[in-house]
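A.B. asks:
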Amino acid sequence: MRDFVIVRNPDPGSRLPYLIRLPLAAADVVLRAGGTWPREKAIYCYPADESEWPADPEVIERVPVRQCVRRGAAIDLVLDRGRENRSQIVHTTARGRDAIFWQTARVRKQARPGVSTPTARASGIAALPIVVDTGERYGYRFARQQVQIDRRRLPAGDYAVERDGRVWAAVERKSLPDLVGSLLNSRLKYQLTELAALPRAAVVVEDRYSQTPLKPTARRTSLPRGRGARPVGQPRPMSGAGPATTASMSPIAAGYAPRSGSP
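Here you go:
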């Protein structure tokens, strides 16, 4: 039984800090890799020459291999351990160039490759003006949408569209940790109250709600119950689409934000 080996890349100038060795039957394959296992997202890899493998490597991990087989454009890798044992190295094309990604079934499912972000411009508007709150440190760039960004302090939400000099629609952007925290300390209740005063508003959560983690200090029922209780305390729904929308990736959330303000 041969081993799957991960070592430190000795090249300090490389953006890929690891080298991995795949023990294929015909010949070993060496790749530069951006990580040691695709836990949260696919890891970008790049072909490496055998000469790049160091004579005295700094071994990060060595695991016996149950199976390492090439199947068309992919290499199936099964390691002899209980967890983090099945993955796949996929040769594909990205932006017209050959690319290699190391992924697992879980990561591939989360990526949702069939979902496309909308790029059509707002009807009759060459560039939709969007106000971004100055408190957004890493705001959406709207690279695929035709928008004009103006940064200033907003009374409610993180992104807004104005009409006649007043905020007409706003979107509150939240990560899962922020959502959990704001539910537990009741901050979300006050944020929704501010949003409900607008003609159009929504909350976008950048993840799948079904995967919301429960904090160890929270009661097991507090998060679902808190999420359901917040809209009840509002005088009316914040938008026709409902008070909250989840988006599994930031580009999808960014594509939704400009459309939340349509009358």
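This note's numbering puts the first residue of the sequence shown at 658, with every later residue one more than the last. We put the CB at the ideal spot given by N, CA and C, even for glycine.
Apart from the five residues on each side of it in sequence, which residues of its chain come closer than 6 Å, Cβ to Cβ, to valine 662?
C.D. replies: Residue 662 sits at position 5 when you count from the first residue of the sequence shown. Excluding sequence neighbours, valine 662 sits near Arg678, Arg719.
A.B. asks: Can you find the residues in the same chain that come closer than 8 Å, C-beta to C-beta, to methionine 658, ignoring five residues on each side of it along the sequence?
C.D. replies: On the sequence shown, position 1 is the one that residue 658 refers to. Hits under 8 Å: Pro721, Val722, Arg723, Asp737.
A.B. asks: Under three-state DSSP, which class holds threonine 693?
C.D. replies: Walking along the sequence shown from the start, residue 693 turns up at place 36. Coil at threonine 693, not helix or strand.
A.B. asks: Tell me which residue opens and which closes the alpha helix (DSSP H) that tyrosine 847 is part of.
C.D. replies: As a first step, residue 847 is located in the sequence shown; it is residue number 190 there, counting from the start. Start and end: 844-853.
A.B. asks: Does the separation of the CB atoms of valine 764 and lysine 698 fall below 7 Å?
C.D. replies: As a position in the sequence shown, residue 764 is number 107, starting the count at 1. As a position in the sequence shown, residue 698 is number 41, starting the count at 1. Yes, these two residues count as a Cβ contact at 7 Å.
A.B. asks: Go ahead and pull the three-state DSSP assignment for leucine 833.
C.D. replies: Here residue 833 refers to the residue found at position 176 when the sequence shown is read from its first residue. Helix.
A.B. asks: As an exercise, report each continuous alpha helix (DSSP H) stretch of at least 4 residues that is fully enclosed by the region 709-741, in chain order.
C.D. replies: Correct list: empty.
A.B. asks: How do the region 708-717 and the region 744-759 stand: do at least 3 beta-carbon pairs fall below 8 Å, yes or no?
C.D. replies: At 8 Å Cβ cutoff, the stretches do not touch.
A.B. asks: Can you name, in chain order, every residue of its own chain whose Cβ lies under 8 Å from the Cβ of aspartate 815, other than the five neighbours on each side?
C.D. replies: Start at 1 with the first residue of the sequence shown, and residue 815 comes out as number 158. Contacts found: Val789, Asp790, Gly792, Glu793, Gly796, Ala827, Val828, Glu829, Arg830.
A.B. asks: Exposed or buried, which one is valine 726 when buried takes at least 16 other CB atoms within 10 Å?
C.D. replies: Here residue 726 corresponds to residue number 69 of the sequence shown, with the count starting at 1. Exposed.
A.B. asks: Flag this pair as yes or no: are the beta carbons of alanine 784 and glutamine 802 separated by less than 7 Å?
C.D. replies: Start at 1 with the first residue of the sequence shown, and residue 784 comes out as number 127. Start at 1 with the first residue of the sequence shown, and residue 802 comes out as number 145. No; because the gap between Cβ atoms is not below 7 Å, this pair is not in contact.
A.B. asks: Is it buried or exposed, alanine 684, if we count other Cβ atoms within 10 angstroms and call 16 or more buried?
C.D. replies: The sequence position of residue 684 within the sequence shown is 27, counting from 1. Exposed, because fewer than 16 other Cβ atoms sit within 10 Å of the Cβ of alanine 684.
A.B. asks: Could you please give the first and the last residue of the uninterrupted beta strand (DSSP E) stretch that includes isoleucine 700?
C.D. replies: Position 43 of the sequence shown, counted from the first residue, corresponds to residue 700. Here the beta strand (DSSP E) through isoleucine 700 covers 700-704.
A.B. asks: Use the C-beta contact count for proline 711: other C-beta atoms within 10 angstroms, 16 or more gives buried, fewer gives exposed.
C.D. replies: For this step, residue 711 is matched to residue 54 along the sequence shown. By the neighbour-count rule (16 or more Cβ atoms within 10 Å), proline 711 is not buried but exposed.
A.B. asks: When you compare only the Cα positions, how much space is there between arginine 820 and proline 812?
C.D. replies: Here residue 820 refers to the residue found at position 163 of the sequence shown. Here residue 812 refers to the residue found at position 155 of the sequence shown. Distance between the alpha carbons of arginine 820 and proline 812: 15 Å.
A.B. asks: Just confirm the distance between the C-beta atoms of isoleucine 757 and leucine 688, as a whole number of angstroms; I'd bet it's less than 8 Å.
C.D. replies: What you label residue 757 is simply residue 100 of the sequence shown in a count that begins at 1. What you label residue 688 is simply residue 31 of the sequence shown in a count that begins at 1. With 8 Å as the limit, isoleucine 757 and leucine 688 qualify as a contact, their Cβ atoms being about 7 Å apart.
A.B. asks: Buried or exposed: which applies to tyrosine 847, given that a residue is buried once 16 or more other Cβ atoms fall within 10 Å of its Cβ?
C.D. replies: For the purposes of this step, residue 847 is taken as the residue at position 190 of the sequence shown. Counting Cβ neighbours within 10 Å, tyrosine 847 comes out exposed, since fewer than 16 surround it.
A.B. asks: Give the straight-line distance between the Cα atoms of leucine 734 and isoleucine 806, rounded to the nearest whole angstrom.
C.D. replies: For this step, residue 734 is matched to residue 77 along the sequence shown. For this step, residue 806 is matched to residue 149 along the sequence shown. Distance between the alpha carbons of leucine 734 and isoleucine 806 is about 46 Å.
A.B. asks: Looking at the unbroken beta strand (DSSP E) that takes in tyrosine 675, where does it start and where does it end?
C.D. replies: Against the sequence shown, residue 675 aligns to sequence position 18. Residues 675-679.
A.B. asks: So the beta strand (DSSP E) phenylalanine 799 belongs to, where does it begin and stop?
C.D. replies: Translated into positions along the sequence shown, residue 799 becomes position 142. From DSSP, phenylalanine 799 is part of no beta strand (DSSP E); its letter is neither H nor E.
A.B. asks: Where does serine 839 fall in DSSP's three states?
C.D. replies: In the sequence shown, the residue the question calls residue 839 occupies position 182. In the structure shown, serine 839 sits in a helix (DSSP, three-state: H, G or I).
A.B. asks: If you compare alpha carbons, which of Trp694, Val686, Gly739, Arg808 is closest to alanine 731?
C.D. replies: Locating residue 731 in the sequence shown gives position 74, where the first residue counts as 1. Of the listed residues, the one whose Cα sits closest to alanine 731 is Val686.
A.B. asks: Drop a sphere of 10 angstroms on the beta-carbon of asparagine 842, count the other beta-carbons inside from all chains shown, and report buried for 16 or more, exposed for fewer.
C.D. replies: By one-based count along the sequence shown, residue 842 stands at place 185. Burial call: exposed.
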